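Student:
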Amino acid sequence: MLRPTFRFRQRIRDMTVLEGQKVYLAHPRQEDFDNWRDLRRTSRAFLEPWEPRWPVDDLTREAFRHRIRRYDADRSGGFADPYFIYLTETNALVGGITIGSIRRGAAESCMLGYWMGESYAGQGLMYAALQVVIPHIFERLRLHRIEAACIPENQRSSKLLEKAGFRREGYLHSYLRINGVWRDHLLYAMIADDWRERQAALKATR
1 MLRPTFRFRQ RIRDMTVLEG QKVYLAHPRQ EDFDNWRDLR RTSRAFLEPW
51 EPRWPVDDLT REAFRHRIRR YDADRSGGFA DPYFIYLTET NALVGGITIG
101 SIRRGAAESC MLGYWMGESY AGQGLMYAAL QVVIPHIFER LRLHRIEAAC
151 IPENQRSSKL LEKAGFRREG YLHSYLRING VWRDHLLYAM IADDWRERQA
201 ALKATR
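One point on numbering: in the UniProt record's numbering, the residue at position 161 of the sequence shown is 161, and numbering is uninterrupted.
1) Grab the span of the alpha helix (DSSP H) containing Phe46 for me, first residue to last.
2) Let me see if you follow: with CB-CB separation under 8 angstroms, is Gly78 close to chain B or not?
3) Here's the rule: buried if 16 or more other CB atoms are within 10 angstroms of the residue's CB, otherwise exposed. What is Gly20?
4) Starting from Phe84, follow its DSSP beta bridges and name the residues at the other end.
5) Could you tell me the distance, in whole angstroms, from the CA atom of Phe46 to the CA atom of Glu118?
6) From which residue to which residue does the alpha helix (DSSP H) around Trp195 run?
7) How big is the Cα-Cα spacing for Glu51 and Cys150?
8) Quick check on the DSSP output: what are the complete beta strand (DSSP E) runs of length 3 or more inside the UniProt domain "N-acetyltransferase" (34 to 193), in order along the chain?
9) Are there three or more Cβ pairs, one per stretch, closer than 8 angstroms when the segment 84 to 93 is compared with the segment 18 to 35?
10) For Leu202 and Ala80, I'd like the C-alpha separation in whole angstroms.
11) Could you name the residues of the same chain whose beta carbon sits closer than 6 angstroms to that of Asn35, not counting the 5 residues immediately before and after it, in chain order?
12) Where Leu172 and His66 are concerned, what is the direct C-alpha to C-alpha distance, given to the nearest angstrom?
13) When the Cα atoms are used, what is the spatial distance from Ile99 to Leu112?
14) Write down the C-beta distance between Lys22 and Thr88 rounded to the nearest angstrom, noting that I regard them as a contact closer than 8 angstroms.
The following block contains the structure:
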């Protein structure tokens, strides 16, 4: 496996992004509304079983403005680091990934959340995004532990996390309210030292 190189792509107003091989990650902007709305709207039936219940006004421009303001505030406060995922070749918006619940001090950990548009699912794009965001978390944010949780029936997500090197650590009873119902989740985690060992082993096999 090739480790992604990190370059900075210039966007409007000199914004910078994290760039991998198939995809690059960029902080969400107000200008992304149309593409985000279209992708979420066409993927709604595909996404709703795995997400919190969508508000009635979720796909409106005003709700998106509040979403971006919350993203910016969370990022400024060091609580979260949200990104949209784009195809490198076409710049098409394909999904999102958020480094959330960032805890410093004794924990130095975060919770990873992600979603992919239906027409782009199953193409290895979320795995490519993880190959970009994991080094960012461990090397740039200098966190020690990444956690991720998924509903037991979401085998696609479980396989994704395991392929990326996450270990299943436990079973969380009635953990999150998904689509209006409190659902059990599987807890996965990755530790910085384990990730570095994995990278060293992969490098040795090249």
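Positions of the beta carbon are idealized from the N, C-alpha and C atoms, including for glycine.
Predicted model, so just to flag it, every value in this text is computed and none were measured.
Tutor: The relevant details are as follows:
1) Within the sequence shown, residue 46 is the residue found at index 46, counting from 1. Run containing Phe46: 44 to 47, per the alpha helix (DSSP H) assignment.
2) Among the chains in the structure shown there is no chain B, since it carries only a single protein chain.
3) Taking the first residue of the sequence shown as position 1, residue 20 is located at position 20. Gly20 comes out buried.
4) For this step, residue 84 is matched to residue 84 along the sequence shown. Beta-bridge pairing links Phe84 to Ala26, Gly96.
5) What you label residue 46 is simply residue 46 of the sequence shown in a count that begins at 1. What you label residue 118 is simply residue 118 of the sequence shown in a count that begins at 1. One C-alpha to the other measures close to 6 angstroms.
6) Taking the first residue of the sequence shown as 1, we reach residue 195 at position 195. Start and end: 192 to 204.
7) As a first step, residue 51 must be located in the sequence shown, where it is residue number 51. As a first step, residue 150 must be located in the sequence shown, where it is residue number 150. If I take the Cα positions, the gap works out to 10 angstroms.
8) 81 to 87, 93 to 103, 109 to 116, 145 to 150, 167 to 178, 181 to 191
9) yes
10) Here the question's residue 202 lines up with position 202 in the sequence shown. Here the question's residue 80 lines up with position 80 in the sequence shown. The alpha-carbon atoms of Leu202 and Ala80 are separated by roughly 30 angstroms.
11) In the sequence shown, counting from the first residue as 1, residue 35 sits at position 35. Result list for Asn35: Leu93, in chain order.
12) Position 172 of the sequence shown, counting from 1, holds the residue named residue 172. Position 66 of the sequence shown, counting from 1, holds the residue named residue 66. Each residue's Cα considered, the two are about 30 angstroms apart.
13) The residue given as residue 99 occupies position 99 in the sequence shown. The residue given as residue 112 occupies position 112 in the sequence shown. Near 5 angstroms, if we compare the C-alpha coordinates of Leu112 and Ile99.
14) The residue given as residue 22 occupies position 22 in the sequence shown. The residue given as residue 88 occupies position 88 in the sequence shown. The Cβ separation is near 6 angstroms, so the contact holds.
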